[in-house]
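Line by line, the protein sequences are chains W and Z.
All residue numbers in the first sequence are consecutive under the working numbering, ending with 287.
All residue numbers in the second sequence are consecutive under the working numbering, ending with 707.
All C-beta atoms in this analysis are idealised placements derived from N, C-alpha and C, irrespective of residue type, glycine included.
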Amino acid sequence: MSQNIDKQESWDLILKAGSSEKNYWKDLWRFRELFYILSWRDIKVRYKQTVLGAAWSIIRPLLTTIVFTVVFNKIAKLQNPGNAPYALMVFAGMLPWQFFSNALSESSNSLIGNANLITKVYFPRMIIPASSVITSMVDFAISFLILVAMCCWYQYLPSWHIIFLPVFILIAFFCAFGVGLYLTAVNVKYRDFRYIIPFIIQFGLYITPVGFSSSVVGERWKFLYSLNPMVGVIDGFRWCILGDNMSLSSFLISLTTTILFLILGLFYFRKMEKTFADNI
Amino acid sequence: MIKHEGKENYTALRDVLSRKAKKIFSFSGWKAAPVTQEEFWALKDIDFDIESGDRVGIIGRNGAGKSTLLKILSRITEPTNGSIKIKGRIASLLEVGTGFHPELSGRENIFLNGAILGMSRNEIKKHFDAIVDFAEVEKFLDTPVKRYSSGMYVRLAFAVAAHLEPEILIVDEVLAVGDAQFQKKCLGKMEDVSKNDGRTILFVSHNMGVVSQLCTSAILLNKGTIDFNGTVSSVVDKYLRNQSYTNEYIHNKEAIGVKPNYIESIKIKNETGDYVSSFSFDQHIIIEFICQIKNYTPDLLIGIGMQDKTNSRVFTVVKGIDYFIDTKSNFLRGELKLPSSLFAPNVYSFVFAIWTKMGVIHDVAENVCVISIHDNGTSLAAFEGADYGSVIINPIWKSC
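Quick look at the structure:
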């Protein structure tokens with residue numbers, strides 16, 4: 008009898024082992040509205056009940072830029088190889104780095120923070136870390152205003168390269184998303200990973216050219232140094248905004264690591280996704 | 308506000324590392340405790356069809372697989388084997404307030420919760436006024452829900468869920484939350500939804516009264532398999548019968564001592580003659596008793612009383628011994644059949660006595676033969692477990 012029904016009717020949904028694999032990307036599109044609303048929720052909640060609200064995303068990078076300029080430029084006597092003021096160079100690196108580190112720490116805790124949703128409702132889980140990366144994007148947009156202000160202050164006109172800036176923003180986005188996907192999936196399984204994440208971010212700040220320019224790194228270390236995906240992004244930002252020289256080879260290496268991280272993140276996340284509801 | 312604390316059952320990396328380390332060292336003499344793996348099927352060989360418009364109750368003991376079944380149906384976990392075919396949109400009525408954010412206002416939470424339950428923005432907009440009306444929170448729409456009273460919070464959460472329009476609605480004991488008044492409102496809404504709109508409902512509950520009232524058919528799960536599948540009353544009966552245990556009273560020889568007249572045994576059975584301790588509301592309860600009467604006098608009386616769980620007497624009946632006694636034997640056998648559809652679903656016990664008109668007690672058994680009466684769809688089903696009296700009556704109402 009059930010075979011007759013099969014012939015007569017078309018089913019909207021057939022659930023069996025592995026069926027979610029096939030429909031995954033279609034579902035991701037179907038649930039886009041949930042994605043918007045979760046991002047909107049995160050943004051809204053982020054600025055609620057804070058005295059300074061959005062001002063935090065201005066104060067933090069600005070203060071760090073001042074400290075870095077004093078430490079690296081005034082005390083360590085490092086110089087910018089280009090002609091832009093040192094503070095501007097630091098800020099051009101600080102901007103993508105702040106975005107990356109915020110996105111990474113937000114997204115890696117995102118699944119655990121939404122545990123009650125995950126155990127109760129079905130939706131492609133990738134929506135959650137993606138929406139926290141988007142939230143950090145808003146912070147980034149606000150901080151970007153300081154860059155404009157600084158350019159005015161120093162009366163510095165960016166080069167025409169600035170039209171390529173969106174490309175590097177996109178790379179930074181995918182880099183944070185890829186690494187974030189991996190970390191959040193691991194975090195569900197092994198809760199001690201949340202202690203590692205601040206460490207990764209702190210460690211990353213030292214091996215990333217935020218307070219200094221890539222030109223101070225010796226030729227011997229260039230390859231190892233370029234494996235850091237944020238090197239390509241920050242050099243790209245400086246190339247776009249300040250017109251600094253950028254080494255194509257080191258950019259390509261960084262781009263390759265970004266793509267590898269993204270693939271690894273997607274792959275691992277998809278593999279672990281089915282067990283999230285049970286493990287969380 | 309209601310918040311569900313999840314179980315903390317995660318693995319820590321350090322445990323895994325130490326287990327791995329133990330494995331490495333295990334060859335050198337110190338045997339680490341082997342990690343045993345056991346195969347466990349939460350559900351197995353489940354096969355059933357649900358037609359559009361059916362209201363199906365899923366019942367079973369804890370661990371029978373009810374929640375797993377719902378989890379699979381709502382796509383939270385995938386089946387390892389087998390398949391489920393669904394026609395129409397499916398949505399779960401969640402524990403009240405899942406996905407609410409305390410910092411956001413009522414208005415914002417309506418949109419957030421609606422999206423989580425699977426509604427599109429336009430659908431929410433369409434129902435927005437109706438939701439606000441149902442929840443009665445108009446004045447506080449722009450207040451963060453963390454400042455809501457718990458009643459407002461629950462009302463808002465249910466209002467959003469109630470305006471969901473899926474073809475198939477899954478409900479997992481959400482009605483356990485909230486006061487009786489609110490439960491009643493929810494039940495009414497759910498009945499309305501399924502009867503008038505032809506929506507299919509899958510309802511999981513431990514509350515037999517609510518299941519009987521709401522559902523048309525039911526599935527009884529036991530240890531991951533289907534025990535029974537049929538009309539709601541037959542399944543509820545079967546479930547209650549499975550729970551039964553014998554609860555007879557047998558006299559204690561030493562305690563009886565030299566009493567000439569004593570109660571030998573009391574047993575409780577249903578109309579089909581099974582000795583049980585659970586009854587549904589519409590079943591007759593039959594008390595079967597045997598007494599030893601060695602010293603017969605015509606003024607002896609048999610008395611039976613029923614007590615509720617606070618030991619207050621519900622009724623007492625007495626009968627002269629001459630009605631039963633067969634002068635040739637010392638035995639007295641009798642049955643008392645209680646009316647059905649009278650005693651409110653609850654737990655009761657009995658008092659049994661042999662005494663004389665003068666008040667001399669020959670033998671008494673107190674608090675014996677505990678039985679429970681289960682609701683199978685009375686008008687008060689929503690209040691099952693609450694104290695609303697010992698009897699349910701059908702009086703004549705009149706509006707003047």
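- Following the DSSP letters along the chain, one finds residue 673(Z) inside the beta strand (DSSP E) bounded by residues 668 to 681.
- Cβ neighbours of residue 91(W) within its own chain (closer than 7 Å, five residues either side excluded): 163 and 249.
- Secondary structure remark: continuous alpha helix (DSSP H) runs of at least 4 residues inside the segment 190 to 233 of chain W, in chain order: 200 to 214 and 229 to 233.
- Between the beta-carbon of residue 136(W) and that of residue 188(W) there is about 6 Å, and that keeps the pair under the 8 Å contact cut.
- Contact of residue 281(W) with chain Z is assigned, a C-beta pair being separated by under 8 Å.
- In this structure residue 36(W) is exposed. Its beta-carbon is surrounded by fewer than 16 other beta-carbon atoms within 10 angstroms.
- Rounded to whole angstroms, the separation of the alpha carbons of residue 537(Z) and residue 391(Z) is 20 Å.
- Pairing residue 598(Z) with residue 569(Z) gives a Cβ-Cβ distance under 8 Å.
- Taking the C-beta atoms as reference points, residue 477(Z) is found nearer than 8 Å to residue 399(Z).
- C-alpha of residue 213(W) to C-alpha of residue 396(Z): approximately 51 Å in a straight line.
- Residue 106(W) sits away from residue 219(W), with the two beta carbons spaced by 8 Å or more.
- If you check each beta-carbon in the segment 387 to 399 of chain Z against every beta-carbon of chain W, the ones closer than 8 Å belong to 387, 388, 389, 390, 391, 392, 393, 394, 395, 396, 397 and 399.
- Residue 161(W) is classed as exposed because its beta carbon has fewer than 16 other beta carbons within 10 Å across all chains shown.
- If only complete runs of 4 or more residues are kept, the segment 103 to 187 of chain W shows the alpha helix (DSSP H) at 117 to 120, 122 to 125 and 134 to 160, in order along the chain.
- The alpha-carbon separation between residue 534(Z) and residue 363(Z) amounts to approximately 15 Å.
- At a cut-off of 8 Å between beta carbons, residue 408(Z) contacts chain W.
- Looking at the DSSP output, residue 660(Z) bridges to 610(Z) and 671(Z).
- Residue 354(Z) is classed as exposed because its beta carbon has fewer than 16 other beta carbons within 10 Å across all chains shown.
- DSSP, read as helix, strand or coil, puts residue 536(Z) in strand.
- Neighbours of residue 468(Z) across chain W, judged by C-beta separation under 7 Å, do not exist; the nearest C-beta is about 12 Å away.
- A Cβ of chain Z is located within less than 8 Å of the beta carbon of residue 52(W).
- Scanning its chain for C-beta atoms nearer than 8 Å, with the 5 sequence neighbours on each side dropped, one finds around residue 366(Z) the residues 373, 511, 512, 513, 515, 518, 525, 526, 527, 528, 542, 543 and 546, in chain order.
- 449(Z) is the residue among 695(Z), 449(Z) and 574(Z) whose C-alpha sits nearest the C-alpha of residue 414(Z).
- In this structure, residue 596(Z) and residue 632(Z) do not form a Cβ contact; the two beta carbons are roughly 13 Å apart against a cut-off of 8 Å.
- Shown here, residue 595(Z) sits in a strand according to DSSP, grouped into three states.
- For the pair residue 245(W) and residue 99(W), the CB atoms are nearer than the 8 Å cut-off.
- In the three-state reduction of the DSSP assignment, residue 34(W) falls in the helix class.
- Here residue 586(Z) is not near residue 508(Z), since their CB atoms are 8 Å or more apart.
- In this structure, residue 239(W) places its C-beta atom within 8 Å of the C-beta atom of residue 262(W).
- Interface residue (Cβ-Cβ distance to chain W less than 8 Å): residue 382(Z) is classified as such.
- For residue 271(W), the enclosing alpha helix (DSSP H) begins and ends at 255 to 280.
- Per the coordinates, the alpha-carbon of residue 150(W) lies some 15 Å from the alpha-carbon of residue 179(W).
- DSSP places residue 516(Z) in the uninterrupted alpha helix (DSSP H) bounded by 515 to 521.
- Apart from sequence neighbours up to five positions away, no residue of its chain approaches residue 492(Z) with a beta-carbon distance below 6 Å.
- Residue 411(Z) has its alpha-carbon roughly 8 Å from the corresponding atom of residue 51(W).
- Under the 10 Å beta carbon count, residue 83(W) is surrounded by fewer than 16 other beta carbons and is classified as exposed.
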